[in-house]
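Protein chains: 2
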Amino acid sequence: MAVYIDEVGMSKFGKRTESLQELIFEATKEPLKNTKKKIDAIFIGNQNVEEFCDESNFSSQITDYLNLTPLPSFRIDTASSSGAGVFHSAFLSVASGIYKNVLVIGGEKMTHLQTPLAIRILSKVLSEEEKFFGGNMSALAGLITRAYMEKFNVSREDLSLVAVKSHSNAMKNPYAHFQKEISIEDVLKSKVVSSPLRVYDCSPISDGACSLILTSGKTDIEVAGLGHSTEFISITHRDDLTKMNATINAGKKAFAMAKLSPKDINIAEIHDAFTTFEIIGSEDLGFFKKGQGMNALKEGKTSLSGELPINTSGGLKARGHPLGASGLAQIIELVWQLRNQAEKRQVKAKIGMALSIGGLASNNLATIVRSC
Amino acid sequence: MAVYIDEVGMSKFGKRTESLQELIFEATKEPLKNTKKKIDAIFIGNQNVEEFCDESNFSSQITDYLNLTPLPSFRIDTASSSGAGVFHSAFLSVASGIYKNVLVIGGEKMTHLQTPLAIRILSKVLSEEEKFFGGNMSALAGLITRAYMEKFNVSREDLSLVAVKSHSNAMKNPYAHFQKEISIEDVLKSKVVSSPLRVYDCSPISDGACSLILTSGKTDIEVAGLGHSTEFISITHRDDLTKMNATINAGKKAFAMAKLSPKDINIAEIHDAFTTFEIIGSEDLGFFKKGQGMNALKEGKTSLSGELPINTSGGLKARGHPLGASGLAQIIELVWQLRNQAEKRQVKAKIGMALSIGGLASNNLATIVRSC
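Quick mapping for you: the protein sequence lines, in order, are chains A and B.
Quick note: the first sequence uses the numbering used here, first residue 49, plus one each step.
Quick note: the second sequence uses the numbering used here, first residue 49, plus one each step.
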């Protein structure tokens with residue numbers, strides 16, 4: 049059964065003083081007011097509300113808070129891809145024909161914690177062995193980045209262009225965490241997080257929430273393809289650090305389901321928790337040959353005016369990365385673009401693709417949406 | 049699309065020294081060895097691995113540990129009904145036709161924590177206001193129990209019969225946490241947890257894991273009906289403490305989907321985190337009139353030889369209650385009974401029903417399975 053996207057909503061991302069419940073209310077208020085659909089069930093994506101917010105039983109909590117009892121409600125977690133995980137899980141429920149209209153929510157609240165504690169919680173997604181030997185998210189992403197830069201002759205200046213583009217796009221996105229233009233020099237002067245990665249290469253710790261309504265009733269946007277794949281958690285066990293198998297698998301499955309190929313995609317949102325990941329993702333999805341992603345960006349192919357704009361929203365890097373919200377925020381950006389509602393960052397697009405990464409690329413999901 | 053149950057598996061429940069990963073391996077080993085189905089995706093039910101086990105990214109972790117990458121993998125959480133939540137969520141994925149065969153897992157590891165800490169984590173599922181005023185799970189269950197006993201003239205001796213029956217059944221279940229016969233006197237002499245509830249009225253803190261394979265290919269057992277409902281988290285906001293609206297709603301939906309009524313059910317597993325809950329659940333599902341559940345038990349109607357055996361497994365009370373596993377364990381007990389594999393506790397049954405409660409009855413799921 050075909051599945052379509054109805055109303056969408058998003059809270060402002062950033063350092064928010066509100067509770068996660070309040071952010072989710074902000075993200076769902078307009079969609080719930082504007083939809084003509086009768087909601088049958090609720091799917092909530094979240095990585096770790098237990099430790100970030102000292103909460104449990106989150107599906108009931110949110111359903112109660114939104115005054116939506118007695119609707120059925122699930123919480124879905126695929127780590128940092130939970131926003132996409134919840135979208136896929138909710139999609140399956142509508143495709144089953146058992147639910148006609150479901151409310152999909154993603155959210156995370158993190159900035160109230162001291163950064164070292166937040167980073168400790170974030171790094172729990174890694175393997176025990178790599179954590180034991182001092183691995184954390186940015187340390188391992190640093191290794192991946194170094195491997196990629198060496199293998200494909202990418203300079204530190206080149207890599208900086210990813211963040212420059214993201215910040216430039218985010219300037220045009222009122223929901224973005226950062227609204228500040230940056231230069232290559234700003235990136236190069238920023239503090240080293242884990243060499244060669246610097247502060248401006250890393251997505252921030254953010255708060256935010258998103259929602260949308262999936263429906264079996266036809267709308268202007270169809271969910272055309274989904275792909276989902278896991279991978280060894282330890283990067284030590286992977287065959288090549290310069291590609292991500294979970295992305296390659298997820299992308300292939302999504303294209304097969306949509307009966308499309310990379311050349312059919314007009315716009316993409318790619319999980320850039322670190323700048324390198326945007327480049328690697330753009331290759332692993334098949335948009336550019338391996339090793340050519342950086343050149344494509346340098347040539348402007350992925351800019352707002354390019355042939356395949358990537359991360360028009362500002363990406364995780366500049367729109368922000370509230371884990372459970374990010375995967376859904378990517379899809380909502382595609383929806384806004386396909387509906388010509390992206391204002392100053394509007395591009396021309398009929399078919400869009402999103403890639404969301406769970407953990408350090410151990411649970412990835414690809415999603416293709418198209419105008420219809 | 050019809051959905052069927054293929055292989056099932058369970059770890060021994062109890063105070064286990066193994067890790068949750070090892071318990072899940074124990075529960076999945078035989079089903080994965082015996083099945084002829086090619087697994088397409090994995091659904092893992094768990095309430096709070098973050099705080100009980102200091103883990104995160106659990107879907108990838110388990111998929112990797114079981115050597116099942118690159119299969120898609122989700123973690124599902126509906127609090128203490130997560131074992132049923134994951135079953136329903138996985139059901140929807142097979143009903144969609146997108147996945148043909150999925151591995152459904154539920155598990156929790158809790159006994160390694162000191163009891164006060166485990167109880168603190170468990171009580172986080174309650175509402176902020178009730179926790180603030182000193183509510184914890186057993187305190188609120190105590191209020192519910194007192195209300196029920198007063199309204200329906202149930203004596204403390206009568207209530208003890210629930211635990212006596214559960215322990216007696218568990219004696220015949222090699223997977224049960226407790227394998228010890230108890231008497232009414234044992235219950236009455238046991239320590240008060242929260243008056244009128246005593247130790248033997250409360251399900252234990254347990255470790256354990258379960259798994260089964262759901263498939264679109266016909267087997268001997270069909271999933272006939274599902275129902276799912278949330279409810280206000282604060283029991284203060286509920287209209288009547290002697291019934292649970294989320295159970296009533298979930299039950300009605302499951303019966304409607306299965307086109308069956310309570311009289312068609314031959315065996316039931318009812319979430320008895322506290323003894324009172326078995327009685328209340330047996331009424332809310334429509335097996336007995338409100339206020340008659342205790343009499344039905346006293347008359348032996350819910351015993352192994354009765355017209356509607358309830359909790360033949362020993363229930364949460366005596367089989368144990370490893371949160372994310374419990375809902376799935378109930379369904380597996382029904383499967384064993386329907387397949388005539390329940391050995392010394394075997395009853396005659398073609399249609400079975402399970403009720404799983406999330407939190408303090410804020411996210412409940414009912415499931416009907418039948419021989420075919």
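We put the beta carbon where it would ideally sit given N, CA and C, even for glycine.
Treat the numbers as computed from the prediction; the structure is a model and nothing was measured.
P79 (chain B) sits buried, since 16 or more C-beta atoms from the chains shown fall within 10 Å of its C-beta. Interface annotation for the region 292-309 of chain B against chain A: N293, A294, N297, criterion Cβ-Cβ distance under 7 Å.
Note: A414 (chain A) is bridge-paired with A:G275, A:L403 in the DSSP secondary-structure output.
For Q394 (chain B), the CB contacts under 8 Å within the same chain, skipping 5 residues up- and downstream, are Q385, N388 in chain order. Each residue's CA atom was taken as its position, placing A257 (chain A) and G341 (chain A) some 30 Å apart. Chain B has no Cβ within less than 7 Å of the Cβ of D288 (chain A). In this structure, the straight-line span from the alpha carbon of G334 (chain B) to that of S410 (chain B) is close to 19 Å. In the DSSP assignment, G256 (chain A) falls within the beta strand (DSSP E) that extends over 256-263.
Spatial neighbours of N297 (chain B) in its own chain (CB-CB distance under 6 Å, excluding positions within 5 residues in sequence) are listed in chain order as S277.
Taking 8 Å as the upper bound for CB-CB distance, S259 (chain A) and V383 (chain A) are not in contact here, some 12 Å apart. A distance below 7 Å between beta-carbons, with the five flanking residues on each side excluded, links D332 (chain B) to the following residues of its chain, in chain order: K291, M292, T295, I296, G299.
Taking the Cα of F106 (chain B) as reference, the smallest distance to any Cα among B:K157, B:Y196, B:K77 is reached at B:K157. If you compare the alpha carbons of A:G273, A:S351, A:S330 with that of L140 (chain A), the shortest gap goes to A:G273. For D54 (chain A), the uninterrupted beta strand (DSSP E) run begins and ends at 52-58, by DSSP. Across the structure, F200 (chain B) and G339 (chain B) are spaced so that their CA atoms are roughly 6 Å apart.
Three or more Cβ pairs drawn from the region 365-379 of chain B and the region 155-171 of chain B lie within less than 8 Å of each other, which places the two stretches in contact. Residue state for C250 (chain B) is assigned as strand, using DSSP reduced to three classes.
Annotated three-state conformation of R123 (chain B) is strand, per DSSP.
With respect to V417 (chain A), I269 (chain A) sits close: the two C-beta atoms are nearer than 7 Å. Exclusion of the five residues before and after V202 (chain B) leaves M342 as the residues of its chain whose Cβ lies within less than 6 Å of its Cβ. Put simply, the CB of D112 (chain A) is near chain B, with a gap under 7 Å to one of its CB atoms. Look at A402 (chain B): its C-beta is not under 7 Å from any C-beta on chain A. For E317 (chain A), there is no enclosing alpha helix (DSSP H); the enclosing beta strand (DSSP E) covers residues 315-318. Near chain B, meaning a CB-to-CB distance below 8 Å, the residues of the region 97-121 of chain A are E98, E99, D102, E103, S104, N105, F106, S107, S108, Q109, T111, D112, L116, T117, P118, L119, P120, S121. CA-to-CA, the gap between S309 (chain A) and S404 (chain A) works out to about 18 Å.
Residue pairing from DSSP places N149 (chain B) in a beta bridge opposite B:T263.
Residue pairing by DSSP places F139 (chain B) opposite no residue, since no beta bridge is assigned to it. With a contact defined as Cβ atoms closer than 8 Å, L119 (chain B) and I90 (chain B) qualify at about 5 Å.
Restricting attention to B:E198, B:N359, B:M49, the CA atom closest to the CA of S216 (chain B) is found in B:N359. C-alpha of N412 (chain B) to C-alpha of G275 (chain B): approximately 8 Å in a straight line.
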